[in-house]
Amino acid sequence: MDAKSFLAVMHVAERLKDTLRHCTTSQRRVESVAEHSWRIALMAQLLRHEFPDTDIDKVTVMCLIHDLGECFTGDIPTFVKTDDDRAHEDSLLEHWIQSLPPEIASDFTALFSEMHAQQTAEAKLFRALDKLEALIQHNESPLNTWSENEYSLNLTYAYDTVAFSDWLTSLRNEIKNETLAKLACEGESSSNTNPDNQRKRNE
Numbered sequence: 056m057d058a059k060s061f062l063a064v065m066h067v068a069e070r071l072k073d074t075l076r077h078c079t080t081s082q083r084r085v086e087s088v089a090e091h092s093w094r095i096a097l098m099a100q101l102l103r104h105e106f107p108d109t110d111i112d113k114v115t116v117m118c119l120i121h122d123l124g125e126c127f128t129g130d131i132p133t134f135v136k137t138d139d140d141r142a143h144e145d146s147l148l149e150h151w152i153q154s155l156p157p158e159i160a161s162d163f164t165a166l167f168s169e170m171h172a173q174q175t176a177e178a179k180l181f182r183a184l185d186k187l188e189a190l191i192q193h194n195e196s197p198l199n200t201w202s203e204n205e206y207s208l209n210l211t212y213a214y215d216t217v218a219f220s221d222w223l224t225s226l227r228n229e230i231k232n233e234t235l236a237k238l239a240c241e242g243e244s245s246s247n248t249n250p251d252n253q254r255k256r257n258e
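Dropping the structure here:
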């Protein structure tokens, strides 16, 4: 890849720094897709010794590139994303990939095919981390930034995705424990500061 082509890829990828996701950070700032992808990649690296038979370097690359399609469509929360949305995103991504230098296009095409097929250990680990990171981020964000359906999703989402791994299932359980503690703590705090609830207790 020559320098001009390399910079062209960087300019497209930069869009993910400004592509916002549904969730906020612990400080109430809406997170970007780039931030989400970075932390999934970090998660993969930290699990190198937990999954010694898995190609963690490949998983890390999957984590870094998996949302590149959102450079062209923006982010749509998984609970409202339709099959048509996915097909549109995949079409735009494929068009862009085919414009890249042949060796890079070949690498990316193979990786996205593997991710979509969900047959290899690497693809399954990537998919699990993608979903788990979102749950972790929700636990870190203030409760009053959650949408109504996320109260149940953070307790039930992704259990099927992690079922292939006892370690990931244990992580999912710990995330659920954090959610329950958050709901108990922040929910009670919210209730205590709600004027309607205070008035009822004083009646």
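Residue numbers (this note's numbering): 56 to 258.
Positions of the beta carbon are idealized from the N, C-alpha and C atoms, including for glycine.
It should be emphasised that the depicted structure is a prediction, and the values quoted were computed from it without experimental measurement.
Local conformation of residue i per DSSP, three classes
i: His66; result: helix
i: Met98; result: helix
i: Phe181; result: helix
i: Phe320; result: The chain is shown only over 56 to 258; residue 320 falls outside these bounds and no answer can be derived.
i: Arg103; result: coil
i: Ile230; result: helix
i: Leu190; result: helix
i: Thr175; result: coil
i: Trp201; result: coil
i: Asp108; result: coil
i: Ile131; result: coil
i: Ser92; result: helix
i: Gly242; result: helix
Residues near residue i by beta carbon distance below 7 Å, same chain, minus five either side
i: Met56; result: Pro156, Ile159
i: Gly129; result: Thr74
i: Leu184; result: Ile95, Met98, Ala99, Cys118
i: Tyr212; result: Lys186, Leu190
Range of the contiguous beta strand (DSSP E) that encloses residue i
i: Thr79; result: 75 to 79
i: Glu86; result: 85 to 87
Nonlocal neighbours in the same chain, by C-beta distance under 8 Å from residue i, ignoring five residues either side
i: Asn194; result: Asn209, Ile230, Glu233, Thr234, Lys237
i: Lys113; result: Leu166, Glu177
i: Thr115; result: Ala96, Ala99, Gln100
Terminal residues of the alpha helix (DSSP H) in which residue i lies
i: His171; result: 157 to 172
i: Thr137; result: That residue, Thr137, is in no alpha helix (DSSP H); it is neither H nor E in DSSP.
i: Asp215; result: 214 to 217
i: Glu205; result: 205 to 211
i: Glu125; result: 125 to 128
i: Asp112; result: 111 to 120
Neighbour-count burial assignment, residue i, 16 or more Cβ in a 10 Å radius
i: Met170; result: buried
i: Lys72; result: exposed
i: Gly124; result: buried
i: His150; result: exposed
i: Cys118; result: buried
i: Gln82; result: exposed
i: Phe219; result: exposed
i: Val135; result: exposed
i: Cys78; result: buried
i: Pro250; result: Low confidence applies here, because Pro250 scores a pLDDT of 41, under 50, leaving its location unreliable and the question unanswered by this model.
i: Glu144; result: buried
i: Lys59; result: exposed
i: Glu69; result: exposed
i: Glu203; result: exposed
i: Gln192; result: buried
i: Asp122; result: buried
Nonlocal neighbours in the same chain, by C-beta distance under 6 Å from residue i, ignoring five residues either side
i: Leu62; result: none
i: Phe163; result: Ile152
i: Trp222; result: Glu105
i: Thr103; result: With the sequence shown as reference, residue 103 is identified as Arg, and Thr is not the correct amino acid for it. Contacts found: Ile111.
i: Ser154; result: none
i: Glu241; result: Leu198
i: Glu86; result: Arg76, Cys78, Thr80
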